[in-house]
Amino acid sequence: MLSLNKYKRSIQIIIEIGIVFFLINYFYENRGELYRISLINIKDTILLLMFVLIGNILRSFQLRAFINALGSKISFLDSIWVTVGSTLLNYIPMNFGMLIKARIMKKKIGIKYSYFASLTIADILITLCMGSLLSIIFLIYKNLNFNKDLFLIISLCVFIIIISIIIFIIPRSISSYFKGSIAYYLSAYLDGIIEIKRMKNLFLISSFVIFRLFLVAIQFFICFKSLGINISLSESILFSSISAILLIIPVTPGGIGFREVIVGLISSASGMNFEIGVLASSIYQVATIFIHISIGVPGLLILKRKNII
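Sequential numbering of the sequence shown, starting at 9, is according to my numbering.
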C-alpha cells in the first residue's frame, strides 16, 4: 500500500510538472495577452479575495451541517480551521489534507472513517448532479439550435446525473452480498448515506453545493472582468459547473495547473482565447492560495495547540 501511494504521488507530481511546463511554453509563444495582468486593479483584487473568503466560510458551515447530520458537533471556529487548513494541506500530493480531516473527524469528533467517506461521496455526487444540471440549463439557454457536439455534451451531463443518482440510492441491503470488512465498511457507509438522504439534510447539503457553485461563478466573473474581458453571469456559471465536475478527481495537488488547462479549454470552446481562460484561472488560484495560507497556517497551529491534530 505504501509503495502504491508513493507511485500515485510520483504520477501526480510528474503530471503537474508537465502541465506547468506546457503552460509556461504556451504563454511564451502567446505572450501578447500577458499585458492584461497590468489591468488588474485593487478593487477587483479585494472583491475577489472577499468572495474567496466567503466561499471558505460557506464550506465551513457545510462541514458543520455534515457533522450535525451525523449527530456530532464542532465549533464554528474549529470548522473554519479544519476546512481551510485541510484544503491548504491538499496542495501536498495524495490529498493529504483529506486524510488529516478524516483523522480529525474520527479521533476528535467521533465520526467513523466510513461515515466521513459517506459525507465526502455524498458531496461529490450532489456536486456532479448540480454541476451537470446547471451546465444543461446554460447550454439549452444559449444554444437553441441543437448540433452533434451540443447533443454529446448534454448526453454526458445527463449520464453523469443518472449514474450519481443510482450510486446515491443504493439500498443498504446490498451489503449483505459481501462478507468481512467489505460488508462492515459498506454497511457503515450506507448508514451514513441514509442519514444524509433525510429530506432536511439532503435539502441543506444541496443548498450548500448550489451556493458554492454560484460563489465560484462570481469569482470567475471577477477574474475575467479584472482582465478586461466581460462575460455574462450565466457564462461564469458554466465555467464554475464544468470545472467542478472535471476537478472532482484530484489529478494534481490542489488542482494547480490542471484547473488552468480546464478553464482554458472552456474559454476556448466559448469563443475566447485559451490563454485568457488560463490567466483568469491563475488569478483565481493565486487568490485561493493566499486565503488558504493566511487562514490555514494559523488554523493548523491552533488545531495543533488544542491537540486536535
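Glycine is no exception: its CB is placed at the ideal position from the N, C-alpha and C atoms.
Residue closest to residue i, alpha-carbon to alpha-carbon, out of the options
i: Leu212; options: Leu47, Val28, Ala252, Asn76; result: Asn76
i: Ser275; options: Tyr292, Leu96, Leu223, Ser244; result: Ser244
i: Ile334; options: Phe104, Ile100, Asp131; result: Residue coverage of the chain in this structure runs from 9 to 317, which leaves residue 334 outside it and unanswerable.
i: Ile108; options: Leu308, Tyr149, Leu56; result: Leu308
i: Arg67; options: His300, Ile174, Pro306; result: His300
i: Ile23; options: Leu164, Val305, Val269; result: Val269
i: Ser128; options: Phe74, Cys137, Gly93, Val92; result: Residue 128 is actually Thr in this sequence, not Ser. Among Phe74, Cys137, Gly93, Val92, the Cα nearest to that of Thr128 belongs to Phe74.
i: Pro306; options: Lys51, Leu47, Arg72, Leu97; result: Leu97
i: Ile162; options: Ile173, Ile175, Phe146; result: Phe146
i: Leu198; options: Phe124, Phe266, Ser83; result: Phe124
i: Ser278; options: Ile291, Lys314, Ile264, Asn238; result: Asn238
i: Ser181; options: Leu194, Ile169, Ile171; result: Leu194
i: Ser289; options: Ser242, Val224, Ile317; result: Val224
i: Ile173; options: Leu133, Ile25, Cys165; result: Leu133
Residue range of the alpha helix (DSSP H) that includes residue i
i: Met113; result: 104 to 115
i: Pro306; result: 282 to 313
i: Ser275; result: 266 to 277
i: Ser251; result: 241 to 254
i: Gly236; result: Taken as a continuous stretch (DSSP letters only), Gly236 belongs to no alpha helix (DSSP H), as it is neither H nor E.
i: Leu85; result: 84 to 97
Cβ shell of residue i (< 6 Å), same chain only, five flanking positions each side left out
i: Gly139; result: Ser249, Ala252, Ile253
i: Lys187; result: none
i: Ala191; result: Ser183
i: Thr135; result: Val217, Ala252
i: Ile226; result: Phe59
i: Ile303; result: Val92
i: Ile310; result: Trp89
i: Gln70; result: Phe216
Close-in-space but distant-in-sequence residues of the same chain around residue i (CB under 7 Å, 5 per side omitted)
i: Leu10; result: In this prediction, Leu10 has a pLDDT of 46, which is less than 50 and means its spatial position is unreliable; what the coordinates show is noted afterwards. If we look at Leu10 and ignore the five residues flanking it on each side, it has no Cβ neighbours.
i: Val28; result: Gly265
i: Pro179; result: none
Own chain partners of residue i with C-beta closer than 8 Å, once the 5 adjacent residues on each side are dropped
i: Gly118; result: Ser80
i: Ile48; result: Ser234, Leu235, Ile291
i: Leu221; result: Thr135, Met138, Gly139, Leu142, Ile245, Ser248, Ser249, Ala252
i: Ile82; result: Leu71, Arg72, Ile75, Val90, Ile117
i: Leu255; result: Gly263, Phe266, Arg267, Ile270
Exercise. On the three-pair Cβ rule with 8 Å, is the segment 275 to 290 touching the segment 85 to 97?
Worked result: no
For this session: Evaluate the contact criterion for the segment 50 to 63 versus the segment 230 to 242: three or more CB pairs, one atom per stretch, below 8 Å.
Result: With the cut-off at 8 Å, the segment 50 to 63 and the segment 230 to 242 touch.
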